[in-house]
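For any residue, its number in this note's numbering is found by taking its place in the sequence shown, counting from 1, and adding 130.
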Amino acid sequence: MISRKLKEYIGFGILRLATLIILLALFAILYFVAVNGIKVINWQFLTQMPHSGMTAGGILPAILGTFYLVVCAICFALPLGVAAAIYLTEYAKQGKLIRIIRIGINNLAGVPSVVFGLFGLAVFVKFFGFGISILSGGLTLGILILPTIIRASEEALLVVPQSFREASLALGATKWQTIRKVVLPNAISGMLTGSILGIGRAAGETAPILFTAVTFYTMRLPRSIFSEVQALPYHIYALMTEGTHPETQIPVAYGTALVLVFLVLGIDSIAIVIRNRFRRRKKW
Numbered sequence: 131m132i133s134r135k136l137k138e139y140i141g142f143g144i145l146r147l148a149t150l151i152i153l154l155a156l157f158a159i160l161y162f163v164a165v166n167g168i169k170v171i172n173w174q175f176l177t178q179m180p181h182s183g184m185t186a187g188g189i190l191p192a193i194l195g196t197f198y199l200v201v202c203a204i205c206f207a208l209p210l211g212v213a214a215a216i217y218l219t220e221y222a223k224q225g226k227l228i229r230i231i232r233i234g235i236n237n238l239a240g241v242p243s244v245v246f247g248l249f250g251l252a253v254f255v256k257f258f259g260f261g262i263s264i265l266s267g268g269l270t271l272g273i274l275i276l277p278t279i280i281r282a283s284e285e286a287l288l289v290v291p292q293s294f295r296e297a298s299l300a301l302g303a304t305k306w307q308t309i310r311k312v313v314l315p316n317a318i319s320g321m322l323t324g325s326i327l328g329i330g331r332a333a334g335e336t337a338p339i340l341f342t343a344v345t346f347y348t349m350r351l352p353r354s355i356f357s358e359v360q361a362l363p364y365h366i367y368a369l370m371t372e373g374t375h376p377e378t379q380i381p382v383a384y385g386t387a388l389v390l391v392f393l394v395l396g397i398d399s400i401a402i403v404i405r406n407r408f409r410r411r412k413k414w
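Dropping the structure here:
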């Protein structure tokens, strides 16, 4: 018989090995992208407009386009997702209907992103007449990340002890006052965690914006939310699949991928700083 301590040692060893494999895979990907992309990174690459069929110049329109799409998606999905989570956890009567809604939300999170792209094309581009634009792409990405934000927000709200709510109500606060002044401040850090996950997915998706927001090549910066844009994920896809100069396009694609990684990390870092500030306030 294997002793309990030996079983525990083997179990923790497997967990450590799995963690190590994941970290090694992550660092291998980052190293591969960095080694191949750092060769083309310079100030001109980040600040100039593209030219010569995107084989020369910079990627400024793609950087700004990705940033605008992510901001539009978060501005749409975060308030809606938090509101839905508040209703499902604090107001809705728990029963069969709510369980079905939650199953639907979980299933929606697993729908292929290309389906969201087709939905955005039919609804935002065609039906509402927004055209190929930042608004259409941002709303499509917002719907894509909405299930993630709803589930993360629900989990954050459920973690708040029920005694907090009962104490607030016992002191004479209304239901909404309790949610706004007691529940949300204690759950906000978990909600921002869901937003961080959403930001990463929104910034890296290609299929949804392929039908709703991006153009293959432009020499102009977007002038409004109804302008079509370049975006880093689609820029990488286009460079690797289109054109007749792979010797110049492939290094630019790797450089664009490296910029995309840093852009996502930068936006995520801002969200993490905000989350940590809320956590410190909660401790106070």
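Using N, Cα and C, we set each Cβ at its ideal position, and we do this for glycine too.
* Between Tyr-217, Leu-210, His-365 and Ala-155, which lies nearest to Ala-343 when the distance is taken from Cα to Cα? -> Ala-343 has its Cα closest to that of His-365, out of Tyr-217, Leu-210, His-365 and Ala-155.
* **Pair within 7 Å by beta-carbon distance, Leu-369 and Gln-379** => Going by C-beta atoms, Leu-369 is nearer than 7 Å to Gln-379.
* **First through last residue of the alpha helix (DSSP H) which encompasses Phe-197** => According to the DSSP assignment, Phe-197 belongs to the alpha helix (DSSP H) that extends over 190 to 216.
* Asked: What does a CB cutoff of less than 7 Å around Leu-175 pick up in its chain, not counting 5 residues either side in sequence?
  -> A small correction: the amino acid at residue 175 is Phe; Leu does not occupy that position in the sequence shown. So the list reads Gly-188, Ile-189 and Gly-385, once near-sequence residues are dropped.
* Would you check if the segment 237 to 248 and the segment 300 to 318 touch, i.e. whether three or more CB-CB distances between them fall below 8 Å? => Taking a contact to require three or more Cβ pairs closer than 8 Å, the segment 300 to 318 and the segment 237 to 248 do not qualify as touching.
* Asked: Which word fits Pro-352, buried or exposed, when buried means at least 16 other C-beta atoms lie within 10 angstroms of its C-beta?
  -> Its Cβ being crowded by 16 or more others within 10 Å, Pro-352 is buried.
* Nearest residue (CA-CA) to Leu-276, options Ala-203, Ala-186 and Val-313 -> Per the C-alpha coordinates, the member of Ala-203, Ala-186 and Val-313 positioned closest to Leu-276 is Ala-203.
* Asked: Going by C-alpha distance, which of Pro-315, Gly-334, Trp-173 and Phe-197 is nearest Ser-243?
  -> Considering only alpha carbons, the answer is Gly-334.
* **C-alpha distance - Ile-235 paired with Lys-226, whole-angstrom precision** => A direct Cα-to-Cα measurement between Ile-235 and Lys-226 gives close to 14 Å.
* Asked: Apart from the five residues just before and just after Met-179, which ones in its own chain have a Cβ nearer than 7 Å to its Cβ?
  -> Answer for Met-179: Gly-187, Gly-188, Leu-190, Pro-191 and Met-349, listed in chain order.
* Would Pro-363 be called buried (16 or more neighbouring beta carbons within 10 Å of its own) or exposed? -> It counts as buried.
* Those runs of the alpha helix (DSSP H) which lie wholly inside the segment 286 to 336 and span at least 4 residues -> Listed in chain order, the alpha helix (DSSP H) elements of length 4 or more contained wholly in the segment 286 to 336 are 292 to 300, 305 to 308 and 314 to 334.
* To do: Go ahead and pull the three-state DSSP assignment for Pro-376.
  => Correct three-state label for Pro-376: helix.
* **Given Trp-173 as reference, the closest of Val-201, Ser-399 and Val-389 once Cα atoms are compared** => Answer by Cα proximity: Val-389.
* To do: Please name the residue or residues paired with His-365 in a DSSP beta bridge.
  => According to DSSP, His-365 bridges with nothing at all.
* Asked: Sorry if obvious, but does the Cβ on Ile-235 come closer than 6 Å to a heavy atom of the ligand COA?
  -> This structure lacks the ligand COA, and indeed carries no ligand of any kind.
* Asked: Would you call Glu-377 buried or exposed, if buried means 16 or more other Cβ atoms sit within 10 Å of its Cβ?
  -> With fewer than 16 other Cβ atoms within 10 Å, it is exposed.
* For Phe-162, the first and last residue of its enclosing alpha helix (DSSP H) -> That run of the alpha helix (DSSP H) goes 134 to 167.
* To do: Enumerate in chain order the residues of its own chain whose CB-to-CB distance from Asp-398 is below 8 Å, with the five nearest sequence positions on each side excluded.
  => Counting only Cβ-Cβ distances below 8 Å, and skipping sequence neighbours, we find Ile-326, Ile-329 and Gly-330.
* On the DSSP bridge assignment, give the partners of Gly-187 in chain order. => In DSSP, Gly-187 forms a bridge with Pro-180.
* To do: Check whether the Cβ atoms of Phe-254 and Ser-266 sit closer than 7 Å, and answer yes or no.
  => Going by C-beta atoms, Phe-254 is nearer than 7 Å to Ser-266.
* Asked: Would you say Pro-338 and Leu-274 are within 7 Å of each other, going by their C-beta atoms?
  -> Cβ atoms of Pro-338 and Leu-274: closer than 7 Å.
* To do: Taking the CB atoms as reference points, tell me whether Ile-228 and Ala-222 lie closer together than 7 Å.
  => Yes, they are a contact pair.
* Asked: Can you give the beta carbon distance from Leu-393 to Ile-159, rounded, assuming they're within the 8 Å contact cut?
  -> With a beta-carbon spacing of about 16 Å, Leu-393 and Ile-159 fall beyond the 8 Å limit used to define contacts.
* Asked: Excluding sequence positions up to five away, which residues of its chain have a Cβ less than 6 Å from the Cβ of Gly-198?
  -> This sequence places Tyr at residue 198; Gly is not what is there. Correct list, in chain order: Ile-264.
* **Reduced DSSP secondary structure (H/G/I, E/B, other) of Val-255** => In the structure shown, Val-255 sits in a helix (DSSP, three-state: H, G or I).
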